[in-house]
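The listed protein sequences derive, respectively, from chains A and B. Mapping of the first sequence onto our numbering: position 169 corresponds to residue 169, and the numbering continues sequentially without gaps. Add 1000 to the 1-based position in the second sequence for our numbering, that's all there is to it. Think of the CB as a built atom: it goes at the ideal place given N, C-alpha and C, for glycine as much as any other residue. Every value quoted in this text rests on a predicted model; they were computed, and no experiment measured them. In what follows, a single structure is set out as structure tokens and then discussed.
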Amino acid sequence: MHYIPNTRGVEQELLRSIGVERFEDLLANIPDQFLKRCRIDLPAPLSEPELTRLMHDLARKNAQAVDYVSFLGGGAYDHFIPAVVDFLLARSEFYTAYTPYQPEVSQGTLQSIYEYQSLICHLMDLEVANASLYDGATALAEAAIMTASITRKNKFLVSPLINPQMLAVLETYLKTRRMTFSYLAEKNGLTDFGQLAEQIDEHTAGVLVQSPNFLGLIEDLSGVADSVHARQALLIMAVDPIALALLKTPGEWGADIAVAEGQPLGLHQSCGGPYLGVFATKRQFVRSMPGRIVGQTSDLDGRRGFVLVLQTREQHIRREKATSNICTNQGLMALAATIYLALMGKNGLRHAAELCLQNSHYLAEQIAKLPGYALPYGAVPYFKEFVVTTPRPAGEIIQAARTAGFLAGIDLGRYRPTWQDHLLIATTEKRTQREMHDFVKFLAKF
Amino acid sequence: MNVPGNLKYTNDHEWALIEGPEAVIGITDYAQGQLGDVVYVELPQIGSRVNKGESLGTIEAVKTVADVFAPLSGEVIAVNDALKNAAELLNKAPYTDGWVARLKISHPAEAEQLLSPDDYSKLVG
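Put into structure tokens, the structure is as follows:
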């Protein structure tokens, strides 16, 4: 879109040719009470050097992850992003393209999405994946809505240990659709599925769980899918895509729909987005799946080609009965994930996951040795994130850590009063032994 | 236009074959021609109840999608499972092998409101 400045002379000419005297005449239909007549108080225009200086000064106010040693997690993680990811993303063929509305002429974009879907299916161990949704939270909410439409039921059982931000989005989506949810029980940092059979009733559409959960702990879903399916309900699982290189996959657990926040797959943390909503399901549910799907076909000459398939699920054809009102995808972010996964490969991803795991366990053990610190869920298996209880309020430690060059983690007391003095710490494969050693030394001062 | 004389019709291009307390439901030859190649049919659940005019299922063609509206109120007692793997039956034989569902009629009087073959021929003629 171009910004077209008009001189006063041009403006007069434009007004004359449409037969009005003043610009204000065009606003005649707007009731007077809605018109703001005062002059808007904007700063004076700047010259280019002045503007460059201003933007530079503003940018300097931002704290950047690269300037700190980051133990921040809770949904967005400081994983390493190989340079080739950003290099390829910045190619204008990809960077400037919007979601393909004339898809068949965008073979390159379609092929990259097809490869993305194939990689996600491998990762999740499920049969079909869409071209991506906005982020992990909306993917979870869309999964619930899809489940309601498949089962024709409207109640959900939700693990209270799903990331609270994802839960907030889920709640927003459900309450406008006359769908409700209640929480499963929890025990020692894990979802308690002991009462599941009693909690599911004939109105339960699905059960939602996240593993590793918000506290970084690995949920044991043994028998859960069977109990859920016995009541004609579906199991929805949110996962960490990196963890799937080591842990049991949604497919192996018998989940019907799997979602993930795709940020760990080569996306910058930025200020919380753009992120990537990863979404996969079983083949039998493909027609109820939200979002775009790319399929492979062959043209008249037998050459391989790509098309958008099953578009009759989508809003531009099915209107109000569409599976979802999403008719776009996170194209560039899905491409980042595709490049990242292709570059890492099976072994590379596994190696990164192992390093995350080793780092978190090393750091947790070192911190637990410090007086005043403890691991409240120490006996429970965890992946790259863990909770420590702190001798001083967690917020205070986080504040001091920033000055010392560390992003210490998340103050869990913000989410629950019972989590006062609980610090959530994440370690990616990027954390070195030296960094962790220095962080432990810093924590020892409290 | 093929409009069999033994059937009743709706303005939405469904047909009903009334057999005593039951009715077989499908879409007309005209409807399948308008939709084009049918690729998928979403069938109702057996045992579900529909009111006249409500959606019994959806028909997905290559470029569009349409509801099958119930010509009569009733309970679904059978569906045409053959359509699951051969949706093209709706194009090939809309009045026979391409039937959609069988209903147990709950309000027989509603049949009076359906169109006769002559009326329907005029509608699509």
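Straight-line Cα distance separating residue j from residue i
i	j	result
A/R37	A/N29	15 Å
B/G1098	A/I317	24 Å
B/W1015	A/K346	55 Å
A/V286	A/S149	12 Å
A/D201	A/I257	20 Å
A/Q296	A/T328	19 Å
B/I1077	B/G1047	6 Å
B/R1102	B/V1079	6 Å
A/M1	B/P1004	Low local confidence applies: a pLDDT of 43 at A/M1 is under 50, so the model's placement there is unreliable, with the coordinate-based value given in what follows. Their backbone Cα atoms lie some 57 Å apart in a straight line.
A/R304	A/S112	14 Å
A/V294	A/N130	8 Å
A/Y382	A/K248	13 Å
A/T147	B/F1069	24 Å
A/P45	A/D57	17 Å
A/S270	A/Q64	9 Å
A/L308	B/V1039	15 Å
A/S118	A/V128	8 Å
A/E314	A/W419	43 Å
B/A1082	A/W253	32 Å
B/V1024	B/D1118	20 Å
A/G189	A/T428	21 Å
A/K384	A/Y173	29 Å
A/E104	A/R319	22 Å
A/V224	A/F181	18 Å
A/Y377	A/F306	48 Å
A/V20	A/Q102	40 Å
Neighbour-count burial assignment, residue i, 16 or more Cβ in a 10 Å radius
i	result
A/V66	exposed
B/H1013	buried
A/G216	buried
B/I1059	buried
A/S222	exposed
A/L235	buried
B/G1026	buried
A/V158	buried
B/V1065	buried
A/I367	buried
A/T432	exposed
B/N1011	exposed
A/L167	buried
A/A76	buried
A/S211	buried
A/H268	buried
A/D411	buried
A/R53	exposed
A/E396	exposed
A/S288	buried
B/P1021	exposed
A/L140	buried
Beta-carbon proximity of residue i to residue j, cut-off 9 Å
i	j	result
A/A143	A/L208	yes
A/L375	A/A364	yes
A/V380	A/L423	no
A/V169	A/T191	no
A/F448	A/G372	The structure shown does not extend to residue 448 of chain A, since chain A is modelled only from 1 to 446, so the question has no answer here.
A/S324	A/A426	no
A/L244	A/A353	yes
A/L89	A/A336	yes
A/P250	A/D125	yes
A/G277	A/G74	no
A/P49	A/Y415	no
A/A233	A/V259	no
B/K1063	B/G1033	no
A/E494	A/L161	Nothing can be reported for residue 494 of chain A, as the shown portion of chain A is limited to 1 through 446.
B/D1029	B/N1002	yes
A/P264	A/H79	yes
B/L1072	B/S1106	yes
A/P82	A/G262	no
Residue-level contact to chain E via CB, residue i, 9 Å cutoff
i	result
A/R287	Within the model displayed, chain E is absent; protein chains A and B are what it includes.
| message | Does the contact criterion of 3 or more C-beta pairs under 8 Å hold for the segment 154-161 of chain A versus the segment 196-213 of chain A? | response | With a cut-off of 8 Å, the segment 196-213 of chain A and the segment 154-161 of chain A count as touching, because enough Cβ pairs lie within range.
| said: Residues of the segment 300-329 of chain A in Cβ contact with chain B at a cutoff of 7 Å, in chain order, please. | reply: The residues in question are T312, I317, R318.
| Taking a cut of 7 Å between CB atoms, which residues from the segment 1041-1070 of chain B lie near chain A? | Listed by position, the residues of the segment 1041-1070 of chain B near chain A (Cβ gap below 7 Å) are E1060, T1064, V1065.
| said: Contact between the segment 431-438 of chain A and the segment 231-240 of chain A is defined here as three or more beta-carbon pairs at a separation below 8 Å; is this criterion met? | reply: Remark: fewer than three beta-carbon pairs, one from each stretch, lie closer than 8 Å, so the segment 431-438 of chain A and the segment 231-240 of chain A are not flagged as touching.
| Would you say the segment 403-415 of chain A touches the segment 328-344 of chain A, given that touching needs at least three Cβ pairs under 8 Å? | Under the Cβ criterion (8 Å, minimum of three pairs), the segment 403-415 of chain A does not count as touching the segment 328-344 of chain A.
| query | Below 8 Å, can you find three or more Cβ-Cβ pairs linking the segment 330-337 of chain A to the segment 404-420 of chain A? | reply | As far as the Cβ criterion goes, the segment 330-337 of chain A does not touch the segment 404-420 of chain A, which means the pair count is below three.
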